[in-house]
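Asker:
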Amino acid sequence: AKAQLRRPGSGTVEREDRTKSELVKEEGAIYLEGMVEKEFLVRVTAGAAVYANLQGERWMGNLLPEQNAVLLAVSDKAYRVRAKAKQGQVAGWVSKAAIAGLPEGFEDNLRQYHERYLIVSELIENKQVALGMTVAEVTAAIGPPDKRQSTVNEAGRTDSLEFISYQRVPQTVMSVDGFGQAVPVTRYLEVESGRITVDFSNDVVTSISESEGLNYSNARLDVTVPPLVFLF
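Heads up: the sequence shown begins at 76 in our numbering, then just goes up one per residue.
(1) Does DSSP classify residue 242 as helix, strand or coil?
(2) Just to confirm my understanding: we take residue 299, look at its own chain, exclude 5 residues before and 5 after, and list those with CB closer than 8 Å. What are they?
(3) Please confirm whether residue 185 and residue 306 have their CB atoms less than 8 Å apart.
(4) Cα separation between residue 128 and residue 154?
(5) Using the C-alpha atoms, what's the distance from residue 278 back to residue 195?
(6) If we count the other Cβ atoms within 10 Å of its Cβ and call it buried at 16 or more, is residue 115 buried or exposed?
(7) Can you say whether residue 297 is buried or exposed, counting buried as having 16 or more other CB atoms within 10 angstroms of its CB?
(8) Please state if the CB of residue 119 and the CB of residue 144 are separated by a distance shorter than 8 Å.
(9) Give the range of the beta strand (DSSP E) segment to which residue 228 is assigned.
(10) Could you have a look at residue 156 and say whether DSSP puts it in helix, strand or coil?
(11) Following the continuous beta strand (DSSP E) through residue 308, name the residue where it begins and the one where it ends.
(12) If you count every other CB in all the chains shown that lies within 10 Å of the CB of residue 134, and 16 or more means buried, which is it?
(13) Taking the straight line between their C-alpha atoms, what separation do you get for residue 315 and residue 146?
(14) Alpha carbon to alpha carbon, what distance is there between residue 165 and residue 158?
(15) Which value, in whole angstroms, describes the spacing of the CA atoms of residue 310 and residue 210?
(16) Which value, in whole angstroms, describes the spacing of the CA atoms of residue 233 and residue 202?
(17) Is residue 170 helix, strand or coil by DSSP?
(18) Can you grab the Cα-Cα spacing for the pair residue 237 / residue 189, in whole Å?
(19) What does a CB cutoff of less than 8 Å around residue 260 pick up in its chain, not counting 5 residues either side in sequence?
(20) I'd like the list of long-range same chain contacts for residue 24, defined as Cβ closer than 8 Å, with 5 residues on each side in sequence excluded.
(21) DSSP beta-bridge partners for residue 257?
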């Protein structure tokens with residue numbers, strides 16, 4: 076699921092490059108950067124002090140009231156936002172009481188979203204697939220399918236994707252060089268080493284099967300990814 080932009084009021088906030096970050100993340104906080112693709116806007120309703128960390132150390136300024144802010148992270152105690160302060164644009168932790176515009180149940184949904192994100196990220200990093208993943212997540216983990224079959228009916232859409240892995244096997248043959256001498260030449264052939272079929276129902280993996288006698292280590296059969304959670 077992709078986070079969507081929420082614009083609770085007028086005004087704009089300068090964007091930053093979300094692909095790069097040298098931020099030291101604090102323990103216990105959930106950071107949206109890197110987890111969602113788009114910035115999440117909230118509303119600063121009252122002037123509030125902003126601090127560099129959750130311990131309230133290094134005061135950075137006071138946020139201007141009645142402006143949009145970019146939500147960067149959530150903790151039990153405070154929100155990390157990027158917004159304008161009297162001292163200029165800052166990114167820091169502010170009291171939750173000064174922030175509005177979050178959907179009902181947002182924090183609970185965010186925690187579930189984050190837990191699922193961690194599971195899927197590990198699977199993708201290890202090039203593995205599991206029940207509950209989406210088509211996009213599976214292809215991010217092991218690449219595009221070699222074969223695909225899709226069906227649409229009253230119950231929805233079903234897809235069956237087949238992935239084949241290969242290994243390079245050396246084969247030595249005799250050849251003739253430029254002097255007419257017979258010499259051994261090693262060539263590499265691609266030989267199928269594994270095959271897996273992943274079935275989807277409405278974009279969610281419902282079953283995974285492997286070809287008998289073939290070892291395809293990308294299938295993680297002991298893990299089930301939790302259902303998709305939408306932030307709002």
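Glycine included, every Cβ here is placed at the ideal spot set by N, Cα and C.
All of these numbers come straight from a predicted model, not from anything done at the bench.
Answerer: So, from the data block:
(1) strand
(2) 205, 206 and 207
(3) yes
(4) 10 Å
(5) 15 Å
(6) buried
(7) exposed
(8) yes
(9) 222–228
(10) strand
(11) This structure cannot settle anything about residue 308, because the visible part of the chain is limited to 76 through 307.
(12) exposed
(13) The displayed coordinates of the chain run from 76 to 307. Any statement about residue 315 would go beyond what the structure contains.
(14) 6 Å
(15) Outside the shown range of the chain, which is 76 to 307, sits residue 310, and nothing can be said about it.
(16) 23 Å
(17) strand
(18) 29 Å
(19) 247, 248, 249 and 250
(20) Here the chain covers residues 76 to 307 and nothing more, so residue 24 does not appear.
(21) 251
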